[in-house]
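Just so we're aligned, residue 5 is where the sequence shown starts under this note's numbering, counting upward by one.
Presented below is the structure to which this report refers.
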Amino acid sequence: GLLIAAYPFFCYYLSAPAEFWVRTPEVSVFNHEHPLRMVLNNIASHALMFHWRGGTFARDNYPGLPMMDPLSGLLLVSGLVILVRKADTFRRFMACTLVLNFLSGIFSASQEGAPYIYRTAAVIVPAFLAAGAGLEWFAEKAGARKLLILAAPIVALNLYFYFSLERKNVAAMRVMAYEPRLIGLDVGRDNLPVWLVIPDVLTQTELHSKPAEEYANANPAVLLPAALWKLAIINFSGRYDIHQTLSENLAHPKDMYFVEPSVLTAGLPQGPAKIIFKSGNPELTRTADRLAGSVRPVPDILGEPLLTVAEFR
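Shown next as structure tokens:
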């Protein structure tokens, strides 16, 4: 398995050794002004990431949320104690794997600061095996009924984290530039020709942190060039034609027309079609209402108005 996983990386290294190491000077802790201090800080941050403060980069985690819920975290501690007390070949291997998988985070540095969840993602395997050892010990001591009593809040907590709390991860809107996805998915709802107002759909609005947002400095906005923004919209809409070149798709996407506002205020499209523009564009909203267009909002992840879609059938 190790050879299969390593083979494509080895081939890439042989074909482009300079590119393989291109980010090393940027992220290596040894290029930091105080490397030893940084390593010690990283060790402490990664050691506490399951119980105190998790990753702060919104792409990987709800900023600051510990990487395990409190109950699973207790099971992890119990499992680690068991691994130390009942050391055999397998348990030693698990302990070594746990430590080794932290190294990519400990010896690196980025603007958001440790812990680096993406770089230490492989630690999830030994960590949950250790938590499983703790769970097994608890089941042997307490019995099946108390095991279910413990498991129920663990399931409830993680459902809340993933499907309620994560929906409020406003920083993720900036670091993942999610607006093209919203626009593209709305274009792809049907096969209608779509007119998209250039200043409204190719201008990023989520640039600044919210007032009560924690770890805002760890999550600056990802600023995409207009051409890449447009390409993302086309791609998410499902209207990217793989039989055409990239430049042809950008210039003439299927039934998608990127136009200036003056084009639409001068004369709206004839026949079944829809227009997508930013909420708060009063002139286009009045024009759509006057011509009996069906107007509906497209909210952002907080439910606040982001886009307006006017359909004409």
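Every residue, glycine too, gets a C-beta built ideally from N, C-alpha and C.
A175 is the residue among A175, G284, E264, L268 whose C-alpha sits nearest the C-alpha of L306. In the same chain as L228, and ignoring 5 residues on each side of it, the C-beta atoms closer than 6 Å to its own belong to A181, in chain order. For Y182, the three-state secondary structure derived from DSSP is coil.
For the pair Y122 and D64, the CB atoms are nearer than the 8 Å cut-off. For K145, the uninterrupted alpha helix (DSSP H) run begins and ends at 128 to 146, by DSSP.
With fewer than 16 neighbouring CB atoms inside 10 Å of its own CB, T249 falls in the exposed class.
Around the beta carbon of G192, fewer than 16 other beta carbons sit within 10 angstroms, so the residue counts as exposed. Taken in chain order, the complete alpha helix (DSSP H) segments of 4 residues or longer contained in the region 258 to 309 are 265 to 270, 286 to 294. Per DSSP, L200 is not a residue of any alpha helix (DSSP H); the beta strand (DSSP E) it occupies stretches across 198 to 201.
Of all C-beta pairs linking the region 135 to 147 to the region 61 to 79, three or more are shorter than 8 Å, placing the two stretches in contact.
Between the beta-carbon of A91 and that of M42 there is about 31 Å, and that puts the pair past the 8 Å contact cut.
Between S49 and P119, the CB-CB gap stays under 8 Å.
Per DSSP, I121 lies in no alpha helix (DSSP H) and is assigned neither H nor E. Between K282 and the set E308, D259, P276, the nearest pair of CA atoms involves E308.
By the C-beta density criterion, L40 is exposed, having fewer than 16 other C-beta atoms within 10 angstroms. When I280, E23, S241, F34 are compared, the shortest CA-CA separation from L268 is found for I280. DSSP, reduced to helix, strand and coil, places A314 within a strand of the structure shown. Residue range 74 to 89 is occupied by the alpha helix (DSSP H) that includes G77. Secondary structure at S241: helix, using DSSP grouped into helix, strand and coil. One alpha carbon belongs to Y244, the other to K258, and they sit about 7 Å apart.
Residue K278 holds the alpha-carbon nearest to the alpha-carbon of S298 among L151, E287, K278, A146.
Under the three-state reduction of DSSP output, S108 falls in the helix class. Taking the C-beta atoms as reference points, D190 is found nearer than 8 Å to V302. Secondary structure in the region 11 to 54: the alpha helix (DSSP H) runs of 4 residues or longer, each lying completely within the stretch, are 21 to 24, 28 to 31, 39 to 51 in chain order. Membership of L250 in the alpha helix (DSSP H) is indicated by the continuous run 250 to 255.
It is roughly 15 Å from the alpha-carbon of E218 to the alpha-carbon of A225. CA-to-CA, the gap between L310 and R185 works out to about 13 Å.
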